[in-house]
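Novice:
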Amino acid sequence: MAYLSLFFSAFISATLLPSSSELVMTAMIASGDYLLWLLWLSATVGNVLGSCVNYWLGTQVMRFKERKWFPVSQKSLDKAEQQFNKYGIYSLLFAWLPIVGDPLTVVGGIFRVKFSIFLLLVTLGKGARYLAVLAFAVGLEKLF
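Its first residue numbered 2, the sequence shown is counted upward by one per residue in my numbering.
#1: Any chance you could list the alpha helix (DSSP H) runs of at least 4 consecutive residues sitting entirely within the segment 38–104, in chain order?
#2: Using alpha carbons as the reference points, say which of E67, L42 and L105 lies closest to A11.
#3: Within 10 angstroms of the Cβ of N86, are there 16 or more other Cβ atoms? Answer buried if so, exposed if not.
#4: Which residues in the same chain as L94 place their Cβ atom closer than 7 Å to its Cβ, once the five residues preceding and following it in sequence are excluded?
#5: Which value, in whole angstroms, describes the spacing of the CA atoms of A133 and G109?
#6: If we call anything under 8 Å between Cβ atoms a contact, is I30 one with A138?
#7: Starting from the Cα of M2, find the closest Cα among L40, L135, S92 and T27 and give me that residue.
#8: Hey, how far is the Cα of A57 from the Cα of A28?
#9: What is the DSSP secondary structure of V107, counted as helix, strand or coil?
#10: Within 10 Å of its beta-carbon, does E23 have 16 or more other beta-carbons around it, so buried, or fewer, so exposed?
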């Protein structure tokens, strides 16, 4: 059940809702009651699936861009596209970053990045982030 809690914490953390799965994971590591590889897997899968929700939202949001209530101007969309094109799809490797990472996954959906590439890049970045959390929490020498 604890692994599922971490999964949902990581899932929520990847959406545009505020949460901190790193704190949950670190507390679980500190307790010493859990398998490290399952903690890593639960957090990574939950966080990646949350990013997939953001991607899907991005693919759907443009249907509403002509509505008066749409929160983003065409000028802002053009600027986002210019920035995304400048740094390329590999910027999705940084989807784990606070503040900019979650919107970046929405932008990936808006600009229709091929889903298999999106999934690979986001999984690599987020998996590496949770590996770093593990390494800092237990010490690199104990991890391997």
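C-beta atoms are modelled at their ideal positions from N, C-alpha and C, and glycine is treated no differently.
Specialist: Taking the structure as given:
#1: 75–88
#2: In the sequence shown, the residue the question calls residue 11 occupies position 10. Checking every option, the nearest Cα to that of A11 belongs to L42.
#3: In the sequence shown, the residue the question calls residue 86 occupies position 85. The residue in question, N86, is exposed, as its Cβ has fewer than 16 Cβ neighbours within 10 Å.
#4: Locating residue 94 in the sequence shown gives position 93, counting from the first residue. For L94, where only same-chain residues beyond five positions count, the Cβ hits under 7 Å are L122, L125 and G126.
#5: Numbered from 1 along the sequence shown, position 132 holds the residue referred to as residue 133. Numbered from 1 along the sequence shown, position 108 holds the residue referred to as residue 109. Cα-Cα distance, rounded: 24 Å.
#6: Reading the sequence shown from its first residue, position 29 is the one you call residue 30. Reading the sequence shown from its first residue, position 137 is the one you call residue 138. It is a contact, given that the beta carbons lie within the stated cut-off.
#7: Your numbering for residue 2 matches position 1 in the sequence shown. That would be L40, whose Cα lies nearest to the Cα of M2.
#8: On the sequence shown, residue 57 is found 56 positions in, with the first residue counted as 1. On the sequence shown, residue 28 is found 27 positions in, with the first residue counted as 1. The question names Ala, but residue 57 is Trp in the sequence shown. About 31 Å.
#9: Numbered from its first residue, the sequence shown carries residue 107 at position 106. Reduced to three states, the DSSP call for V107 is helix.
#10: Mapped onto the sequence shown, residue 23 falls at position 22. Buried, because 16 or more other Cβ atoms sit within 10 Å of the Cβ of E23.
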